[in-house]
Structure formats: structure tokens, C-alpha cells
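For reference, the structure discussed in these notes is given below.
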Amino acid sequence: MGNTQIKAYGATSVTTPMHEMNITRRDIRPCDVEFEILYCGICHSDLHSIRNDWGNAVYPQVPGHEIVGRITRIGSEVKKFKIGDLAAVGCIVESCQSCQYCHEGEEQFCEQGVTFSFNSEDKISGGMTYGGFSQTYVCDEKYVLQMPAFEDLASAAPLLCAGITVYSPLKHWRAGKGKHIGILGIGGLGHLAIKIAKAMGAYVTVFTSSPAKVTDAKRLGADAAVLSSDKEQMRACPPQDMILDTVSAEHDVNRYINLLKVDGSLVIVGLPAEPLKVGAFNIIHGRKSFSGSNIGGIAETQEMLDFCYRHNIVADSEIIDIKEVNTAFDRLARGDVKYRFVIDMSTLK
Ligand code: NAP
Ligand code: ZN
Ligand code: ZN
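Quick note on numbering: the sequence shown equals residues 108 to 456 in my numbering.
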């Protein structure tokens with residue numbers, strides 16, 4: 108059948124708004140599936156990337172890595188899917204499959220370097236990968252998730268990045284009964300972290316810089332909410348086993364390290380472009396850890412989807428038309444979203 112020309116939304120430079128463009132999807136190989144994209148979430152990483160905050164943006168660039176769709180074609184060796192099934196792709200679309208980390212199901216740490224679903228060197232077709240702000244996706248079935256039949260499928264799309272990015276460290280640091288877990292920042296990642304940490308059984312305290320979100324944190328399921336600018340509230344906060352830091356901009360992490368128990372961990376998932384300063388005295392006192400976590404492997408992403416389906420967890424989302432995507436990015440930059448934009452991809456006709 109050959110490669111296929113499809114419509115997408117992307118930017119041709121750092122200064123131009125996203126607009127409709129044509130891109131090519133490769134023909135399916137025996138191990139590949141093709142799916143029609145139904146919904147795509149908008150993550151702050153899409154914003155960092157399209158605005159070249161991290162200095163690695165290549166244009167034209169088509170963002171989108173919280174991708175949910177329905178299978179339209181399958182290769183001859185595909186086992187997991189049939190035409191008409193729901194399917195999803197998150198951040199990872201290729202890895203070496205032979206290194207230690209690929210074997211352990213932690214493809215995100217592949218020694219050969221993982222291929223991401225957008226703005227990543229495409230080792231199969233050449234050029235760069237184009238993301239989910241498009242009509243279809245083609246991917247090796249190994250990296251395609253089986254999407255449970257969520258009632259609100261659109262609001263489940265953000266699980267593909269935001270969901271796994273918080274689930275993986277919460278599980279790794281054993282969030283659960285008897286643990287005090289702090290969530291720093293209530294955005295796309297943070298609001299899902301509240302729901303997932305609660306479902307794991309932890310006592311959840313949220314730290315927000317936005318006064319308006321304090322009451323909302325409780326509605327989302329948090330046991331306690333702290334306005335981070337209020338020194339008294341910060342002082343009164345009980346010691347935390349782990350604080351998951353989802354903040355997208357520069358901020359003082361030492362204030363949160365000081366809230367940890369002995370052996371507690373501050374775990375960074377947010378990706379501000381500038382390095383964060385950690386005071387040595389804050390870490391040594393209480394044998395504390397300053398750590399990080401990057402998305403999660405494919406098997407764990409499937410586990411997270413099934414967990415969220417069982418616990419009825421989806422994002423609080425605002426569904427938009429593809430034509431509103433530039434406005435949505437501006438609003439996300441201002442923190443004006445509760446709590447995830449999801450694009451209804453049927454609007455890209
Ligand atoms: P988001 O929806 O914009 O949420 C970020 C939150 O950070 C905001 O809602 C705000 O929460 C807080 N914040 C923003 N600027 C702040 C500032 N100057 N000082 C203090 N707090 C501030 O973004 P997201 O989609 O959740 O992504 C969050 C970060 O995680 C991004 O940097 C993204 O690139 C990164 N990320 C990393 C991974 C990974 O694998 N490690 C995966 C996905 C995303 P409050 O209003 O409550 O303070
Ligand atoms: Zn993301
Ligand atoms: Zn590998």
C-alpha cells in the first residue's frame with residue numbers, strides 16, 4: 108500500500124504558531140499496527156518542546172504523546188490487536204530490545220536511546236517522529252497499549268504520559284497505606300498523582316502555589332492542601348516520606364527537602380530548563396534523597412492503565428477542537444487549565 112500522506116498540526120519554527128500540514132506515515136511492517144487517532148492530550152512537555160525550552164527542538168514539529176485511537180490496519184505478525192480495537196501510544200515508540208533495561212521492561216532507560224513518539228530521531232523511516240496531533244499513528248505493536256474501555260475515553264488519554272509519569276515513581280517509592288506522600292504542583296501530572304496516590308492508599312498532602320487550587324485539591328481527593336507561599340502552613344505540615352515534584356518552572360526545592368522524614372525522598376518529574384539548586388546541608392541532615400523519574404516502561408504503562416480503569420481514574424479534562432490548539436498552549440503556559448487539555452482529533456478533517 109505504501110506510505111500514507113495524512114493531515115497533522117505542527118509548527119515549522121519556534122516563532123510560528125501551529126497550523127495544519129501534511130506528513131507521511133510509513134507503511135505498516137509485519138509487526139506494526141496503524142490506528143486512527145481519536146484523542147490526544149496536551150502535556151507541558153509538548154509546550155516545552157514546541158517552544159524549544161530544552162534546546163533540542165527540530166522543525167517541522169508535530170507534538171502529541173498522549174494518543175488514543177482505534178486500530179485500522181495490522182501487520183501479518185501482529186498478535187495483540189485486531190482491526191477495530193482501541194489502542195494507545197504514549198512517549199515510547201522504539202527501543203533496542205537487547206539491553207538490560209529493555210529486558211527488564213524499562214525501555215525508557217534503553218542503553219541505545221529510546222525513540223519518543225514525537226521530535227525524536229526516527230530510526231525506522233529516517234527524519235524525526237511526528238506525534239499525535241495528527242490523523243493516524245503507525246507503531247510496532249510492542250509499544251502500543253491495550254486501552255481499557257474507559258467510559259470517558261477522551262479523559263483517559265492523559266494517562267499515557269501524565270498517568271505513567273506519576274504512577275511509576277509512586278509505585279517505586281512504595282506509596283501506600285501508612286505513607287505520607289506529598290504532591291508538588293497541581294497541573295496535569297499533579298492532579299493525576301493525587302488520584303493515583305490516594306488509590307494506592309497513601310495519606311496525600313498537596314503543595315500548590317495557586318490559592319484557588321487549595322480547595323480543589325480536596326475535591327480531587329487530597330487529605331491536606333498547603334499553600335506553598337504560606338510559611339505557617341509549610342511549618343505545620345507533617346514530615347513526608349516522599350514528595351513528588353511536578354513543577355514545570357524554576358523553584359526552590361530545598362523548602363520541600365526540609366519537609367521530608369529521615370530517609371525521605373524528593374522525586375523530580377517536572378522538567379524546568381534551568382538546573383535546580385540543592386543545599387548539601389538540607390540533604391545530609393536526615394539522610395535524604397534528591398531523585399528523579401522518567402515516564403515508565405511499556406509493561407508498567409499497561410499496568411497503570413488497568414489500575415486506573417479499576418479505580419475509575421481519568422483526568423479532569425477540557426476537550427478542545429484542533430483549531431484551538433495554539434490558544435490552549437498559551438493557556439497552559441499561564442497555568443490556566445483544569446487540569447488537562449485533550450484534543451478531539453475528529454476535528455482534524
Ligand atoms: P502543568 O499542567 O503545566 O502543571 C505544572 C504545575 O506546576 C502548575 O499547574 C503549577 O501548579 C506548578 N507551577 C508552574 N509554574 C510554577 C512556578 N513558577 N512555581 C511553582 N509552581 C509552578 O504541567 P504538566 O503537564 O503537569 O507537566 C509538569 C512538568 O513535568 C513539565 O515540566 C513537563 O515537561 C514534565 N514532565 C516530565 C515527565 C517525566 O517523565 N519526567 C513526563 C511528563 C511531563 P500549582 O498551580 O499547583 O502551583
Ligand atoms: Zn508528557
Ligand atoms: Zn535497550
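Note that beta-carbon positions come from the ideal geometry of N, C-alpha and C, so glycine has one too.
Indicate whether residue i and residue j have their beta-carbon atoms separated by less than 8 Å.
| i | j | result |
| --- | --- | --- |
| Cys-198 | Gln-219 | no |
| Leu-277 | Ala-195 | no |
| Arg-447 | Ala-269 | yes |
| Thr-454 | Asp-437 | no |
| Asn-226 | Ala-164 | yes |
| Glu-214 | Tyr-208 | yes |
| Lys-187 | Gln-253 | yes |
| Ser-232 | Ile-144 | no |
| Asp-139 | Asp-259 | no |
| Val-313 | Ile-290 | yes |
| Ile-420 | Lys-286 | no |
| Gly-404 | Gly-212 | yes |
| Lys-368 | Gln-347 | yes |
| Lys-508 | Asp-423 | The chain is shown only over 108 to 456; residue 508 falls outside these bounds and no answer can be derived. |
| Ala-332 | Thr-315 | yes |
| Met-125 | Val-432 | yes |
| Tyr-244 | Gly-176 | yes |
| Leu-296 | Val-360 | no |
| Met-349 | Ile-288 | yes |
| Gly-162 | Asp-134 | no |
| Ile-174 | Gly-239 | yes |
| Tyr-237 | Ala-356 | no |
| Leu-154 | Leu-439 | yes |
| Ala-282 | Met-307 | yes |
| Thr-119 | Tyr-166 | yes |
| Ala-261 | Tyr-146 | yes |
| Pro-137 | Glu-184 | yes |
| Ser-152 | Leu-378 | yes |
Tell me the DSSP secondary structure of residue i in three-state form.
| i | result |
| --- | --- |
| Ala-435 | helix |
| Glu-258 | coil |
| Tyr-446 | coil |
| Ala-164 | coil |
| Phe-142 | strand |
| Asp-247 | strand |
| Glu-173 | coil |
| Glu-218 | coil |
| Ile-427 | strand |
| Arg-326 | helix |
| Ile-135 | coil |
| Thr-454 | helix |
If you follow the beta strand (DSSP E) that residue i is part of, which residue opens it and which one closes it?
| i | result |
| --- | --- |
| Asn-129 | 126 to 132 |
| Ile-113 | 111 to 117 |
| Glu-201 | 199 to 201 |
| Val-333 | 331 to 334 |
| Val-196 | 193 to 196 |
Ends of the alpha helix (DSSP H) at residue i?
| i | result |
| --- | --- |
| Gln-207 | 207 to 210 |
| Ile-157 | 151 to 157 |
| message | Give the residues whose C-beta lies closer than 7 Å to at least one heavy atom of ligand 3, in chain order. | response | Ser-202, Cys-203, Gln-204, Ser-205, Cys-206, Tyr-208, Cys-209, Glu-214, Cys-217, Glu-218, Gln-219
| Beta carbon shell of ligand 2 at less than 6 Å from a heavy atom | Cys-150, Ser-152, His-172, Cys-268
| said: Quick check on the DSSP output: what are the complete beta strand (DSSP E) runs of length 3 or more inside the segment 339 to 425, in order along the chain? | reply: With a minimum length of 3 residues, the unbroken runs of beta strand (DSSP E) contained wholly in the segment 339 to 425 fall at 347 to 352, 367 to 375, 396 to 399.
| Which runs of the alpha helix (DSSP H), 4 residues or longer, sit entirely within the segment 261 to 320? | 269 to 279, 295 to 307
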